[in-house]
Amino acid sequence: MADNSKPEFVSTSETLTEIEGEWGYRYTVVIYRMGKAFYRGKSHARYRSQKDLDLEDIYESTLIPTAQPHPIFPKHFTQSPELFLSIII
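Below you can see the structure in the form of structure tokens.
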């Protein structure tokens with residue numbers, strides 16, 4: 331990425347929720363990179379392609395910590411079996 335002021339959009343996913351018994355679009359989650367930092371933000375727009383993404387549309391951007399990308403869970407949670415962990419990592 332040559333220009334650190336331009337975002338590199340990594341992925342998008344639409345969030346749907348149930349409102350009064352009907353499922354409907356809520357917002358789009360956008361993962362993007364600026365320089366070496368990764369961010370998660372939301373957009374009210376729906377996108378056909380990542381080429382349509384615009385940083386101006388994104389709100390509630392949060393830095394994703396790359397040193398510890400997975401949160402530490404309380405000890406009372408059960409860890410997945412090793413086989414499953416090796417598939418997703």
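The opening position of the sequence shown corresponds to residue 331 in the working numbering, with each subsequent residue numbered one higher.
Cβ coordinates follow ideal geometry from the N, Cα and C atoms, glycine included.
Presumed contact (8 Å Cβ cut-off) between residue i and residue j, rounded CB distance
| i | j | result |
| --- | --- | --- |
| arginine 356 | proline 337 | Going by Cβ atoms, the distance from arginine 356 to proline 337 rounds to 22 Å, so no, they are not a contact pair. |
| tyrosine 369 | isoleucine 394 | 6 Å |
| phenylalanine 407 | glutamine 380 | With 8 Å as the limit, phenylalanine 407 and glutamine 380 do not qualify as a contact, their Cβ atoms being about 34 Å apart. |
| glycine 354 | threonine 345 | About 10 Å; that fails the 8 Å criterion. |
| alanine 397 | aspartate 387 | Not a contact, Cβ separation roughly 29 Å. |
Sub-8 Å separation of residue i and residue j beta-carbons
| i | j | result |
| --- | --- | --- |
| serine 373 | threonine 358 | yes |
| glutamate 390 | glycine 371 | yes |
| tyrosine 377 | leucine 385 | no |
For residue i: DSSP bridge partner residues
| i | result |
| --- | --- |
| valine 359 | Ser343 and Lys372 |
| isoleucine 402 | Answer by DSSP bridge pairing: none, since isoleucine 402 is not bridged. |
| glutamate 348 | Trp353 |
| tyrosine 389 | Lys372 |
| alanine 367 | Met364 |
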